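Number 330 in the working numbering belongs to position 330 of the sequence shown; there are no gaps in the numbering. In this text, a Cβ means the ideal position worked out from N, Cα and C, and glycines have one as well. Every value quoted in this text rests on a predicted model; they were computed, and no experiment measured them. Read the structure below first, then the notes.
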Amino acid sequence: MRIVQIARNNDRRLALVDGESLRLLDRYCSVYSLAAAALESGIRTRQLVEHSLSLEQLEYDAIYLGHSDWRILPAADHPDEPARCLVSGTGLTHMKSVQTRQAMHAAGEEITDSTRMYRWGVEGGRPAPGTAGVAPEWFYKGPGSILRAHLEPLWIPAYAEDGGEEPEIAGVYIIGPSGDPFRIGMTAGNEFSDHRLEKRNYLYLAASKLRTCAIGPELVLDPDFTRVAGRMSIDRDGRALWSRQIQTGEEAMCHSLANLEHHHFKFESHRRPGDLHIHFFGADAFSFGEGIRLCEGDVMEIQFQGFGRPLRNPLRVEAGPVRFMAAKPL
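Written as structure tokens, this is what we have:
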């Protein structure tokens with residue numbers, strides 16, 4: 001089951017993807033309100049969707065292509081308090097990504113810290129059920145205000161060195177009233193990052209991740225995350241510049257999903273009741289690793305089988321000098 005968040009002016013709706021149509025729900029206007037209702041009632045989200053379908057339908061194509069007064073929102077968000085949505089991720093989960101970062105950070109080293117982290121994952125990232133394995137790499141992206149939707153631009157700020165796509169699946173979670181995490185579903189995502197900054201020194205990784213990112217257009221409530229095939233492409237001036245087949249899912253990763261989730265939610269600060277979490281699971285490949293540098297107007301497209309329509313975002317570059325941010329005494 002796949003659902004979409006859409007908006008028109010101040011009217012916000014939640015809809016079920018039904019072939020070429022979107023069937024609007026009459027009880028819930030956001031993924032967050034749907035998840036909150038599931039927590040309160042004890043009824044699964046899928047059943048709540050089925051029981052709240054209205055007779056209203058919209059043409060999906062027009063909205064998806066941007067030809068409607070309705071627009072697609074990020075696949076999940078905190079509609080009232082973006083600061084209560086934590087966006088984060090895990091890296092070094094896919095071999096191709098590790099090989100790219102090994103090349104970026106080698107500088108004469110035979111084995112880099114990136115490769116060591118991946119090997120630790122291979123050796124201890126799939127523990128027995130109910131037990132914790134080795135901790136993965138973890139990074140912070142930002143609050144919910146950094147989330148962008150399908151067709152919205154991803155920006156390279158004036159202070160950045162670069163910006164590039166990272167095609168990933170992201171998990172969407174809500175924290176229950178007792179502090180327990182619940183997975184609402186998964187969505188395609190572009191975990192957009194500054195790879196040139198990271199390449200300068202891997203200790204800049206944390207800063208390189210503090211960029212906008214995109215998720216959507218659809219949220220899958222019951223995904224099969226065993227092995228997921230996908231495709232990443234870059235279009236420039238209306239023509240294909242670069243594309244690759246990609247793989248993700250537990251069979252393509254060195255960590256189990258349960259291990260990634262444990263190491264994210266083991267922190268008490270990540271289990272505040274009512275908070276929403278968007279967590280990226282890592283990329284298989286990205287264009288920067290093959291020498292591609294994105295430019296103004298390039299369009300990044302990401303599609304994973306079973307996750308609905310492709311996620312497309314244009315690239316924008318902020319012009320002008322960097323604004324110096326001075327803290328003023330009070």
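Short of 6 Å from the beta carbon of E301, and not among the five residues preceding or following it, lie these beta carbons of its own chain, in chain order: S233, P310, R312.
In this structure, T248 lies away from L154, with their beta-carbon atoms at least 8 Å apart. About 5 Å separates the CB atoms of F281 and I169; that is less than 8 Å, so the two are in contact.
Under a 10 Å Cβ-count criterion, M186 is classified as buried, with 16 or more other Cβ atoms of the shown protein chains found around its own Cβ. Of the candidates A75, A15, H67, S41, the residue whose Cα lies closest to the Cα of L55 is A15.
Per DSSP, S52 lies in no beta strand (DSSP E) and is assigned neither H nor E. Distance between R196 and Y159, taken at the CA atoms: about 12 Å.
Beta bridge pairing from DSSP links C85 with L276. With fewer than 16 other Cβ atoms inside 10 Å of its own Cβ, N9 counts as exposed. A straight line joining the alpha-carbon of Y64 with that of E290 spans about 30 Å.
Per DSSP, the beta-bridge partners of E168 are G189. If you check the CB distance, G308 and V17 come in under 8 Å. In the three-state DSSP reduction, G142 falls in the strand class (E or B). CA-CA distance, D224 to F304, rounds to 11 Å.
Contact between P74 and I215 holds, since their C-beta atoms are separated by about 5 Å, short of 8 Å.
A contact between stretches requires three or more CB pairs, one per stretch, nearer than 8 Å, and the segment 174 to 192 fails this requirement with the segment 117 to 125. Excluding residues up to 5 positions away in sequence, S52, S54 lie with their Cβ nearer than 7 Å to the Cβ of D26 in the same chain.
Per the Cβ contact rule, the segment 69 to 87 is in contact with the segment 31 to 46 (3 or more Cβ pairs under 8 Å). Looking from the CA of E218, the closest CA among L203, G189, K199, G66 belongs to G189. Shortest Cα-Cα distance from R84 to any of Q5, Y204, P143 involves P143. Rounded to the nearest angstrom, the gap between the Cα atoms of E251 and A229 is 11 Å. Remark: C-beta atoms of L58 and L24 approach each other more closely than 8 Å. Listed in chain order, the non-local C-beta contacts of A258 below 6 Å within the same chain number zero, local neighbours out to five positions each way being set aside. In the displayed model, W70 falls within coil according to three-state DSSP, outside both helix and strand.
If you draw a straight line from the Cα of R293 to the Cα of G238, it is about 17 Å long. The alpha carbon of R71 has as its nearest neighbour, out of S193, R12, V172, the alpha carbon of R12.
A7 is bridged by DSSP to R12, R71.
The C-beta distance from S114 to L92 rounds to 6 Å, short enough to fall under 8 Å. Pairing E123 with D284, the inter-Cα distance amounts to about 19 Å. In the three-state scheme derived from DSSP, where H, G and I count as helix and E and B as strand, F265 is classed as helix. Secondary-structure assignment with DSSP links L219 through a beta bridge to I3, T187. Assignment of beta-bridge partners to S21 by DSSP yields D18, E59. In this structure, the straight-line span from the alpha carbon of P167 to that of Q5 is close to 21 Å. Straight-line spacing of the CA atoms in A62 and L22 works out to 11 Å. In the same chain as P82, and ignoring 5 residues on each side of it, the C-beta atoms closer than 6 Å to its own belong to P143, G144, S145, in chain order.
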